[in-house]
């Protein structure tokens, strides 16, 4: 199955290459913009090695070369070597914890001469390869608990190592790989659980001390019970497809909720929370009974969901006040709008919003940003790089960059879907998920929608290791795609 | 071997991607397009508008003599972050302060309560207005003290040490000023008293701005767009005052050791030639580093040197007021120049008696003014209030009131100085409130001789003199003659008329001339000056006030003057000689040798006022 190099060039997906080149160029220009000092006059030398833009240009050159090398290695080699690569990078990650120099509390960098690299960036493609190779095995079945747990283990191991390096933000990225498992047949319950956890947490914390307009009941306690009812009943209808159970649950829940609310307001005031808890208890019991009576096996998951959700709700407040560190708690409170702390934890995000907001429709023009140039936005060339684009290129430029990113991600999903084997498809989804999570968290943070979690924006944030890591991640997939059987 | 189960999940996954994309575009839209708030926040973040202070307008007297100007003063400032290897001892030696003082000052700067704007990166004030000698030494050694800077400011400077209450005072703006006029910012200066206050808008000039770029630490990074948005400062306009500074100095000299005031007006223009309020103070006391201490001493002085008595003091005008009564009587036909009233020791009506000094009887108008006969004016008012054409005492009272108001009494004249008071001209309602419905001319008879309820400011008395000199017209007295590149208010250019005709005033003038030639003001009879005058001896709780009203020359008046010396006794004792000296000085340009001696004697005379607050 050897092919000539010539045919490889014809077979790789040039659309992805074009999008990659576009994003990388815009990213580099953004770094030029954000590190360019306002008082510099005349044409700055962006390729000067003393400047961050110059260093980044060098790293981009190195990355392109590395990407080229990666594309010369055929698909089956990756597949066969994935356990070795995985083991090697995990080992490197472990070693890093002990030999790394402490940088702002994080122990994730190892220095080699004047160059510093972050092994965590390389653990990403290793884990993606390992997971895909594991899923790609002929005998793999996600419904088989042993297989599933092993797959989860492959994802959790690097997370644990990176958390030990005190880089909690980077560890979160690996959660994206659960999307791969979902695509390969993992039950959607996990996704649902994750989404509901976020909803319950936000609603529970944000409205905890707010009362309903007519009753002395906390919205933060009442609203989650309603959401639990709606979600669980919807799951019964659309996932379990148990129409009869659905009808019973819907009628009782809707009727009782409305009645108790009406009675409490107009007749006798009582704690309507009691009714809500009784209803949820009723739902659980009814669902469990139906497993017996009607052989509705999936009901067990719904029952677990309800119990888990209630437990989660209760633990939220506990976690918020007793588990989280004060600075983490403040970050969450600021994000939920419970606290305004413009000089403390809220400063970064506030300044970031000012910088982006001041860009207007068309922006201030390349190198003309004031907020980013004058250091109002911290980390402006790394985690907050998108501010420079927002300020200098305005709404138009920001939307363009975001659109290109989304095209890029959707293109990878498209490529992944056209693969003939699970290994290739899983790897495609793995890198699409990783890029997507970086995009979501980084831009969400800069726009003030997601808590401040320090992870880079692929191809934009300054940093050699991260650019190299992302390029390798992508180029491997380009070769895998090129090698697919038609 | 393609496994197509779960393929539909690609739509769910792509959907999630698109959902996040749409959410973020929405947030981007709300930040960048639907909301202007961030734009202005960004500007206030990055643009530091440095204010360039203009120099305040100067003041000159009517002869072009410089009175008020600006002198540079130096503040020592420092940027905490820039201090490196400071030799504290050397600095203390240079600035003439002790080590403890240095520590205390540093602590004060860093105290957030005293200095809310403290930042390690920006200029902080260490010492203000250091003496010239210390400044020179400091400047020489400045290179030794890295992080320390010199900031130039201006303080007011005065050439003559007089007229403090007229020039007034400058102080830091209060929150109230800032709320009222957005021109001011914290730390700016504003005129708070006198001309500095009333001509604040002309004197202050226009602040300029330099738009500088400031980084997150507050450090200046350079000019924005090479200064394209900068505006230069425009210096304040100079004022030419109508004051004759030599006359003003003579006036303050004559009133030394006495409480009172002298106001001189050029009748033709309404320009104030001098406005003396005694005790006075040297305005230089209120500049520089001892300002606070001096201000406290002046404001707690029981004789109130900070009060401009010429416009803020109200006094009974005494007999000087008779001139206004005479003019009104003639105009209303109460008397003719020939009408005579008897006076045998005063005005006697039934059981009521108001005394008068000894003089021949009966008297007609000219002699009545010349000898200052009380009975004549009481009878005049009595007759007027009884005239049937008014239909009652109250109606007549209000006619009287109208005449007085037309002469500029009872309301503030509108001089261009802050704080002028109105004095008191009673009307019928006023007396009805006090006496009920049954009061008669006799009840209020003392108003005809400038006593009783009537009070005027010394400025109003001087203006009465100017009105008589002008034969019935006056221009609102004012102290600023010209504003550089600007005009003065039109009310200071348009004459006002009283209700009395010029012919009636001629008769009054004859009486006032008679007083100088052969009456109460004989001491003012300086050959060649044709002075007209009227004395006043105003009764009050203590010793009488000595008052004089006059103008000269009689036919082409150049100066009208009022002199008011509290508890000075007879008008002839202080009022007449002071008035005469002032007119001689102004009209001839100097004092004769004999007059110089007289002036020294008067200046040295001291009136004792006791220990009570005045």
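Chains as they are written, first to last, in the numbering used here: chain A, 1 to 486; chain B, 487 to 1100.
Using N, Cα and C, we set each Cβ at its ideal position, and we do this for glycine too.
For this session: Using beta-carbon positions only, say whether residue 135 (chain A) and residue 423 (chain A) come within less than 8 angstroms of one another.
Result: With contacts defined as CB atoms closer than 8 angstroms, residue 135 (chain A) and residue 423 (chain A) qualify as a contacting pair.
Problem set entry | residue 320 (chain A) versus residue 329 (chain A) - alpha carbon distance | When rounded, the distance between both Cα atoms is 6 angstroms.
For this session: Could you tell me whether the Cβ of residue 182 (chain A) comes closer than 8 angstroms to any Cβ of chain B?
Result: Cβ-Cβ to chain B under 8 angstroms: yes for residue 182 (chain A).
For this session: Indicate whether at least one CB of chain A lies closer than 8 angstroms to the CB of residue 525 (chain B).
Result: Chain A contact via Cβ: present.
Problem set entry | 9 angstroms Cβ cut-off: residues of chain A touching residue 604 (chain B) | In chain A, no part has a C-beta under 9 angstroms from the C-beta of residue 604 (chain B); the shortest such distance is about 14 angstroms.
Exercise. What does a CB cutoff of less than 6 angstroms around residue 383 (chain A) pick up in its chain, not counting 5 residues either side in sequence?
Worked result: Here the set comprises 454.
Exercise. Which residues, in order along the segment 251-262 of chain A, keep a beta-carbon less than 7 angstroms from a beta-carbon of chain B?
Worked result: The residues in question: there are none.
Exercise. So residue 643 (chain B) is in the beta strand (DSSP E); what residue range does that whole segment cover?
Worked result: Annotation for residue 643 (chain B): the continuous beta strand (DSSP E) segment containing it runs 634-644.
Exercise. Looking only at C-alpha atoms, which of B:767, B:1016, B:1007 sits nearest to residue 1056 (chain B)?
Worked result: Closest by C-alpha distance to residue 1056 (chain B), out of B:767, B:1016, B:1007, is B:1007.
Problem set entry | Contacts that residue 495 (chain B) makes with chain A (C-beta to C-beta distance below 8 angstroms) | Residue 495 (chain B) reaches chain A at 182, 183, counting residues in chain order whose Cβ is nearer than 8 angstroms.
Exercise. Do you know whose CA, among B:652, B:688, B:643, B:962, lies nearest residue 756 (chain B)'s CA?
Worked result: From the listed residues B:652, B:688, B:643, B:962, the smallest Cα separation to residue 756 (chain B) is found for B:962.
For this session: Check the DSSP bridge columns for residue 556 (chain B) and list the partner residues they point to.
Result: Note: residue 556 (chain B) sits in a beta bridge opposite B:642.
Exercise. Apart from the five residues on each side of it in sequence, which residues of its chain come closer than 6 angstroms, Cβ to Cβ, to residue 41 (chain A)?
Worked result: Note that residue 41 (chain A) scores a pLDDT of 46, beneath 50, so its modelled location is shaky; the value from the coordinates is reported in the next line. Closer than 6 angstroms at the Cβ level, and outside the excluded window around residue 41 (chain A), lies no residue.
Exercise. Would DSSP call residue 112 (chain A) helix, strand or coil?
Worked result: The DSSP-derived three-state label of residue 112 (chain A) is strand.
For this session: Please name the residue, chosen from B:802, B:894, B:898, that lies closest to residue 952 (chain B) on a Cα-to-Cα basis.
Result: Scanning B:802, B:894, B:898 for the CA closest to the CA of residue 952 (chain B) turns up B:894.
Exercise. When you compare each of A:433, A:420, A:241, A:390 to residue 411 (chain A) by their alpha carbons, which one comes out closest?
Worked result: For residue 411 (chain A), the nearest C-alpha among the options comes from A:433.
Problem set entry | Coil, strand or helix - residue 42 (chain A) by DSSP | For residue 42 (chain A), the pLDDT reaches just 47, beneath the cut-off of 50, and the residue's location in the model is therefore unreliable, leaving the point undetermined.
For this session: Kindly indicate which residue of B:1043, B:493, B:908 has the alpha-carbon position closest to the one of residue 959 (chain B).
Result: Measuring from the Cα of residue 959 (chain B), the nearest candidate turns out to be B:1043.
Exercise. Does DSSP classify residue 829 (chain B) as helix, strand or coil?
Worked result: Residue 829 (chain B) falls in the coil class under three-state DSSP.
Exercise. Skipping 5 residues on each side, what residues in its chain have a beta carbon closer than 6 angstroms to that of residue 1 (chain A)?
Worked result: At residue 1 (chain A) the pLDDT is 44, less than 50, meaning the model places this residue with poor confidence and gives no usable figure here.
For this session: Look up residue 864 (chain B) in the DSSP assignment and give the residues it is bridged to.
Result: None; residue 864 (chain B) has no bridge partner.
For this session: Quick one: measure Cβ to Cβ for residue 855 (chain B) and residue 977 (chain B), integer angstroms, because I've assumed they're closer than 8 angstroms.
Result: So it is not a contact: roughly 31 angstroms between Cβ atoms.
Problem set entry | Contact with chain A by residue 521 (chain B), beta-carbon distance below 8 angstroms | Yes, residue 521 (chain B) lies at the interface with chain A (some Cβ there is under 8 angstroms from its Cβ).
For this session: Find the residues of chain B that neighbour residue 397 (chain A), judging by a C-beta separation of less than 9 angstroms, and give them in chain order.
Result: Residues of chain B passing the Cβ test: none, with the nearest at roughly 10 angstroms.
Exercise. Alpha carbon to alpha carbon, how far is residue 710 (chain B) from residue 697 (chain B)?
Worked result: If you draw a straight line from the Cα of residue 710 (chain B) to the Cα of residue 697 (chain B), it is about 6 angstroms long.
For this session: Measure the C-alpha to C-alpha separation of residue 618 (chain B) and residue 758 (chain B) and round it to an integer number of angstroms.
Result: If I take the Cα positions, the gap works out to 37 angstroms.
Exercise. With C-beta atoms as the reference, is residue 129 (chain A) less than 8 angstroms away from residue 73 (chain A)?
Worked result: No.
Exercise. List, in order along the chain, the chain A residues whose C-beta lies closer than 7 angstroms to that of residue 503 (chain B)?
Worked result: When 7 angstroms is used as the limit between beta carbons, residue 503 (chain B) is near these residues of chain A: 406, 409, 410, 436, in chain order.
Problem set entry | Short CB-CB distance (under 8 angstroms) between residue 698 (chain B) and chain A | It does not: the Cβ of residue 698 (chain B) has no partner Cβ on chain A nearer than 8 angstroms.
For this session: Compare the C-beta of residue 492 (chain B) against all C-beta atoms of chain A and say whether one is closer than 8 angstroms.
Result: It does: the Cβ of residue 492 (chain B) has a partner Cβ on chain A nearer than 8 angstroms.
For this session: Could you check what DSSP says for residue 1004 (chain B) in three-state terms: helix, strand or coil?
Result: Here residue 1004 (chain B) sits in helix by DSSP.
Exercise. Since residue 689 (chain B) contacts residue 722 (chain B) with CB under 8 angstroms, what's their CB separation in whole angstroms?
Worked result: Residue 689 (chain B) to residue 722 (chain B), Cβ: 5 angstroms. Contact.
Exercise. What runs of the alpha helix (DSSP H), each 4 residues or longer, lie entirely inside the segment 177-242 of chain A?
Worked result: For the segment 177-242 of chain A, the full-length alpha helix (DSSP H) segments reaching 4 residues or more read 178-183, 189-206, 219-238 along the chain.
Problem set entry | Per DSSP, cross-strand counterpart(s) of residue 1046 (chain B) | Residue 1046 (chain B) pairs with B:751, B:1037.
For this session: Taking residue 514 (chain B) as the query, report the chain A residues whose CB atoms sit under 8 angstroms from its CB, ordered along the chain.
Result: By Cβ distance, chain A contributes 356, 390, 395, 398, 399, 402, 447.
Exercise. From this set, B:818, B:843, B:934, B:875, which residue's C-alpha is nearest residue 867 (chain B)'s C-alpha?
Worked result: The alpha carbon of residue 867 (chain B) has as its nearest neighbour, out of B:818, B:843, B:934, B:875, the alpha carbon of B:934.
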